[in-house]
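Written below as structure tokens is the structure these notes are about.
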Amino acid sequence: MTAVAENPTTAEAGTGSGISVGVVTFPGTLDDRDAARAVRLAGAEPVNLWHADSTLSGVDAVILPGGFSYGDYLRCGAIAGFAPIMEAVVAAAGAGMPVLGICNGFQILCESHLLPGALIRNDHQHFICRDQDLLVENADTVWTGDYEQGRTIRIPLKNGEGGYVATDEVLDELESTNRVVFRYQGPNPNGSLRDIAGITNEAGNVVGLMPHPEHAVEAGFGPEAGGGVDGQGVFSSAVRALVAR
Amino acid sequence: MARVVVEVMPKPEILDPQGKAISGGLTRLGFTGFGEVRQGKRFELEVEGEATEEVLAQAREAAEKLLSNPVIENVVAVRVAEDAS
């Protein structure tokens with residue numbers, strides 16, 4: 091996808107785009123290191139942000155990574171949604187900054203009302219961890235511009251509470267306005283309504299998804315199908331969009 | 036010291052996988068008299084001083100803003116705890 095991704099060693103050494111992407115760590119976040127690495131491999135500079143920070147340190151985009159923020163107490167993402175840094179994230183998202191929520195980050199985006207709906211426990215009651223096929227339904231968001239519309243990608247999925255729910259009115263609106271970004275292919279892994287795996291806001295700068303693109307950015311580490319790098323496009327899309335701004 | 040009790044339940048139309056698991060457990064243990072089970076949450080908020088109408092109003096606001104998610108849950112009760120413990 092990106093030139094740098096073919097040569098991770100070079101990509102790690104240089105982040106020539108001049109773009110910086112904040113990766114927020116909450117207590118209980120797990121995938122911040124992987125998200126930061128995916129950012130670096132896409133040619134941008136990852137910046138570690140802390141949940142108690144009140145500013146975004148001048149970054150050009152923000153990623154809320156996966157994990158179990160605040161132990162998933164109360165509801166997944168509920169306490170994190172009111173963390174000090176989220177005030178800055180919500181304000182920046184409103185001003186057009188690219189914001190990506192992966193897994194627990196998606197739950198946080200829903201709890202902080204940057205995205206509609208909510209995530210509930212998987213309908214089959216089990217934690218699921220598998221390579222998941224997704225249909226890229228909207229290649230017009232800041233985070234999906236490098237993908238070909240209608241393409242199927244395979245990236246890891248791992249969650250206990252990944253069932254996307256919203257009212258019929260909200261689901262209809264998401265579909266009629268092309269805001270379903272990723273849809274599950276094959277058997278529905280968690281009971282998500284209408285097989286929804288990821289959505290975007292009206293402006294297309296905020297995207298949330300349950301599967302993990304940051305775990306599929308290096309050959310040999312991601313799913314075998316697709317060379318294991320189908321997740322690269324998420325990060326390269328944002329970098330490309332920000333360079334072009 | 037007064038306490039305000041807040042009760043939150045998953046919306047009837049939302050699938051409750053936890054309740055489903057509990058229902059299966061009841062059947063396995065031989066409790067056959069029960070059908071569907073739904074699991075909710077009970078919060079106890081300690082109040083500094085009297086549980087006035089103003090305090091209750093605050094508790095209702097907290098229940099809507101943090102203790103429940105209106106997309107998937109209903110606040111079914113906000114009341115002053117009767118037992119003084």
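Chains A and B, in that order, give the protein sequences.
Residues 91 to 335 in the working numbering are what the first sequence spells out, letter by letter.
Residues 36 to 120 in the working numbering are what the second sequence spells out, letter by letter.
Glycine is no exception: its CB is placed at the ideal position from the N, C-alpha and C atoms.
Item to check | chain B residues whose Cβ lies nearer than 8 angstroms to that of A/A168 | outcome: L101 and N104
Next on the checklist: What does the alpha-carbon distance come out to for the pair A/M176 and A/A170?
Outcome noted: 8 angstroms
Next on the checklist: Taking a contact to mean a Cβ-Cβ separation below 8 angstroms, would you say A/V113 touches A/P174 in this structure?
Outcome noted: no
Checklist entry - Could you give the C-beta distance for A/A151 and A/V111, rounded to a whole number, given that I count them as a contact under 8 angstroms? => result 5 angstroms
Checklist entry - Can you tell which of A/V179, A/L131 and A/K248 has the C-alpha that lies nearest to the C-alpha of A/P279? => result Here the closest residue by C-alpha is A/K248.
Checklist entry - Any beta-carbon of chain A closer than 8 angstroms to the one on B/I57? => result Chain A contact via Cβ: absent.
Checklist entry - Secondary structure at B/L64, three-state DSSP: helix, strand or coil? => result coil
Checklist entry - For A/A306 and chain B, any beta-carbon pair shorter than 8 angstroms? => result no
Item to check | Rounded Cβ spacing between A/G250 and A/C200 (contact assumed at less than 8 angstroms) | outcome: Actually they do not touch by this definition, with Cβ atoms about 16 angstroms apart.
Checklist entry - With 16 other CB atoms within 10 Å as the buried threshold, where does A/S282 fall? => result buried
Next on the checklist: Cβ closer than 7 angstroms: which chain B residues qualify as neighbours of A/R211?
Outcome noted: Contact note: A/R211 reaches chain B through P52 and Q53, using a C-beta cutoff of 7 angstroms and chain order.
Item to check | Contact check, A/S107 vs A/V296, beta carbons under 8 angstroms | outcome: Cβ atoms of A/S107 and A/V296: not closer than 8 angstroms.
Checklist entry - Listed from N- to C-terminal order along the chain, which residues in the stretch 277–301 of chain A have their beta-carbon within a distance smaller than 7 angstroms of any beta-carbon of chain B? => result G281
Checklist entry - Which first and last residues belong to the alpha helix (DSSP H) in which A/I198 is found? => result N194 to E201
Item to check | Residues in the stretch 169–188 of chain A having any Cβ partner in chain B nearer than 8 angstroms | outcome: Listed by position along the chain: F172.
Checklist entry - Which one or two residues does DSSP pair with A/I109 in a beta bridge? => result In DSSP, A/I109 forms no bridge with anything.
Checklist entry - Do A/P301 and A/W233 come within 8 angstroms of each other at the CB atom, strictly closer than that value? => result no
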